[in-house]
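What follows is one structure encoded as structure tokens, with my remarks underneath.
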Amino acid sequence: MNGTSRKMTGVALIAFALAATTALPASAVDQGAIDFARKVVDQATNTVMSRDPLGAGSSRWTGAETSPKPVKDATIAVVPCPLALSVCQTALADATAAAEAIGWKVIPIDSKGDPAVTQKAVEAAINRDVSCVLTIGSPSRDIRAQIQRGKEKGIAFVTGFADDPREFGGDIGFGIDQTAAGKLLAAYVVANGGGNVVMFTASAFPQLGERLQGFKDYLAEHGGDVAKVVEDVEFNVGAGASDLITKTQALLTKHPKDSIRWVLGPYDEALVPVLATARQRDRTEIKALGFDGEPVALDSIVSGGGQVATISWGLEWVAWAGIDECNRAINKAEVGVNKDFPLQLTIQSNATPGKRYDPGFDFKAKFREIWAAAE
């Protein structure tokens, strides 16, 4: 072999080695992403707190150890998300039960997902001199004018599981870190092979956007090249199933069979018409992911009905904390003491149809204890 040949061989070997080393990281990164996602999924199928680090944590009390004395015989208004959704009906029932436990009466308000309806009803509650307006899953931005008028009359405004009313003059916003919930579903997708994802979005409710953004954030930070969001589909919550059906039909026409693997909905009930439409088109390869741990989702997960994962979370805990925060705001005490709440990635291995999500901590007893001990 002459010198030129030896030099060429050496160059070729170096080039081959460089090619090999540059090719390795992509697969290594992907496998690392999959391994980390599996760790996150394993931990999250047990209950964690929403602000725990990914892949770590457990259910525990993060609230205050004392309370101001409960205001006697107060009447409050409770505004959940639209009562057409079962999760919102449950939120109202939970807040009502907590109010009764502290000795209060509740004026329920159905927002119907319409800011004008909400504003009119809250105005009426203000005229009835309620002590607090508690919104749960219903954005305070929709009642900003009412917050300003109500504060002039000394009414407290507390928002859980949505936005922060302090921006509009209210007292406190609190709740679950909903971006964390989206991250857990993204980890599930990565841990289960990844693929293309379509997201259904509903901009009318800020907390829904936070959930979906969390999904995207996880893929950007930890997803490697395993999964990709290929389209966002906006729908109108107030229009009900019809808009979702129309949007899904267009989606399935645009994306042929086997081109998308997952659909992500901002809440479980939105997936019902989506999956029904997919079945009619023989698109059973598409698997669905949602939020709220609703009975319809648990049944689908266990029976193989198309949904494979949901986020169950401590909304009952949030509702009781809302009453606690109202009491603190009415008393002009420190608010925002209920720091965090539990959630769980619910899949086939841990889904329990017919049973409500149990966070593993008796928060009701804790609230009753601190209320009873208040002087």
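Letter by letter, the sequence shown follows residues -28 to -1, 1 to 347 of mature numbering (1 follows the signal peptide of the UniProt record, and there is no 0).
Each residue gets a CB set at the ideal place from its N, CA and C atoms; glycine is no exception.
Pull up the distance between the alpha-carbon of residue i and that of residue j, whole angstroms please.
i: Phe(-13); j: Gln185; result: Any reading at Phe(-13) needs caution, since the residue's pLDDT is 37, under 50, leaving its predicted position unreliable; the model's value is listed next. The alpha-carbon atoms of Phe(-13) and Gln185 are separated by roughly 41 Å.
i: Leu(-16); j: Gly165; result: Legend: pLDDT at Leu(-16) = 38, less than 50; position of this residue unreliable, no value from coordinates given.
i: Phe335; j: Lys226; result: 47 Å
i: Pro331; j: Leu287; result: 10 Å
i: Ile217; j: Pro314; result: 33 Å
i: Val198; j: Ala293; result: 39 Å
i: Arg113; j: Gly196; result: 37 Å
i: His194; j: Glu347; result: 49 Å
i: Ser284; j: Asp189; result: 20 Å
i: Trp343; j: Arg300; result: 11 Å
i: Arg340; j: Thr47; result: 19 Å
i: Gln252; j: Phe177; result: 30 Å
i: Ser110; j: Ala67; result: 14 Å
i: Ala242; j: Glu182; result: 16 Å
i: Ala(-3); j: Gln118; result: Reliability of the predicted coordinates at Ala(-3) is poor, the pLDDT of 44 falling under 50, and no value is obtained from them.
i: Ile6; j: Ala159; result: 8 Å
i: Lys327; j: Thr256; result: 27 Å
i: Glu72; j: Cys298; result: 13 Å
i: Asp2; j: Phe263; result: 26 Å
i: Glu37; j: Phe146; result: 17 Å
i: Val78; j: Asn18; result: 34 Å
i: Val202; j: Ala163; result: 19 Å
i: Gly142; j: Ser321; result: 42 Å
i: Thr324; j: Asp82; result: 29 Å
i: Asp215; j: Ala192; result: 30 Å
i: Ala250; j: Arg100; result: 48 Å
i: Asp204; j: Pro80; result: 34 Å
i: Val280; j: Trp289; result: 25 Å
i: Ala174; j: Ala211; result: 11 Å
i: Ile115; j: Phe8; result: 42 Å
i: Gly126; j: Phe140; result: 15 Å
i: Leu(-5); j: Gly4; result: Residue confidence is low: Leu(-5) scores 35 on pLDDT, short of 50, so the model does not pin down where it sits. Its coordinate-derived value is still stated next. Distance between the alpha carbons of Leu(-5) and Gly4: 12 Å.
i: Thr(-8); j: Lys200; result: Bear in mind that the predicted position of Thr(-8) carries a pLDDT of just 32, short of 50, making it too unreliable to give a figure here.
i: Ala(-10); j: Pro137; result: Unreliable placement is indicated for Ala(-10), whose pLDDT of 36 sits below 50; the coordinate value is still reported in the next sentence. Going from the Cα of Ala(-10) to the Cα of Pro137 covers about 55 Å.
i: Asp254; j: Lys219; result: 17 Å
i: Ala291; j: Ala69; result: 9 Å
i: Lys123; j: Pro87; result: 19 Å
i: Val307; j: Ile148; result: 16 Å
i: Thr282; j: Gln150; result: 13 Å
i: Ile74; j: Glu95; result: 25 Å
i: Phe207; j: Ala222; result: 12 Å
i: Lys229; j: Asp296; result: 50 Å
i: Met21; j: Val209; result: 28 Å
If you follow the beta strand (DSSP E) that residue i is in, where does it begin and where does it stop?
i: Val51; result: Thr47 to Pro52
i: Ile319; result: It is not in any beta strand (DSSP E) - Ile319 carries neither H nor E in the DSSP assignment.
i: Lys259; result: Lys259 to Leu261
i: Leu57; result: Per DSSP, Leu57 belongs to no beta strand (DSSP E) and is neither H nor E.
i: Ser284; result: Gln279 to Trp285
i: Phe146; result: Ile144 to Phe146
i: Ile108; result: Cys104 to Ile108
i: Phe129; result: Ala128 to Gly132
i: Asn303; result: Per DSSP, Asn303 belongs to no beta strand (DSSP E) and is neither H nor E.
i: Gly167; result: Gly167 to Thr173
With residue i as the anchor, note down where its alpha helix (DSSP H) starts and where it stops.
i: residue 390; result: In this structure the chain extends from -28 to 347, so residue 390 is not present and cannot be described.
i: Gln252; result: Leu243 to Gln252
i: Thr90; result: Pro87 to Asn99
i: Pro267; result: Pro267 to Ser275
i: Lys123; result: Arg116 to Glu124
i: Ile79; result: First-last for Ile79: Lys77 to Pro80, but that is the beta strand (DSSP E), not the alpha helix (DSSP H).
i: Phe339; result: Phe335 to Ala345
My guess is that residue i and residue j are in contact by the Cβ rule of under 8 Å, so how many angstroms apart are they, rounded?
i: Pro238; j: Phe187; result: So it is not a contact: roughly 10 Å between Cβ atoms.
i: Trp76; j: Lys338; result: Contact doesn't hold; Cβ gap of about 18 Å is too wide.
i: Val105; j: Val51; result: 7 Å
i: Ile319; j: Ile273; result: 7 Å
i: Asn303; j: Val43; result: 7 Å
i: Val235; j: Val244; result: So it is not a contact: roughly 12 Å between Cβ atoms.
i: Val161; j: Val170; result: At roughly 12 Å, the Cβ-Cβ gap does not stay under 8 Å, so Val161 and Val170 are not in contact.
i: Ala134; j: Arg23; result: Contact doesn't hold; Cβ gap of about 17 Å is too wide.
i: Gly85; j: Pro54; result: 4 Å
i: Ala65; j: Leu156; result: Going by Cβ atoms, the distance from Ala65 to Leu156 rounds to 26 Å, so no, they are not a contact pair.
i: Ala260; j: Gly278; result: 5 Å
Residue i CB to nearest chain D CB: under 8 Å?
i: Asp66; result: You won't find chain D in this structure, because it holds only one protein chain.
Exercise. Which parts of the stretch 184 to 237 are runs of the beta strand (DSSP E), unbroken and 3 residues or longer, counting only runs that do not cross its ends?
Worked result: You should have 199 to 206 and 234 to 236.
Exercise. Is the stretch 127 to 138 touching the stretch 85 to 93 in the sense that three or more CB pairs, one from each, lie closer than 8 Å?
Worked result: Counting Cβ pairs under 8 Å, fewer than three are found: no touch.
For this session: Check whether the stretch 249 to 269 touches the stretch 3 to 19, taking contact to mean three or more Cβ pairs, one atom from each stretch, closer than 8 Å.
Result: Under the Cβ criterion (8 Å, minimum of three pairs), the stretch 249 to 269 does not count as touching the stretch 3 to 19.
For this session: Mind the definition here: the stretch 52 to 62 touches the stretch 18 to 30 only if three or more C-beta pairs lie below 8 Å; say whether that holds.
Result: Under the 8 Å Cβ criterion, the stretch 52 to 62 does not count as touching the stretch 18 to 30, having fewer than three qualifying pairs.
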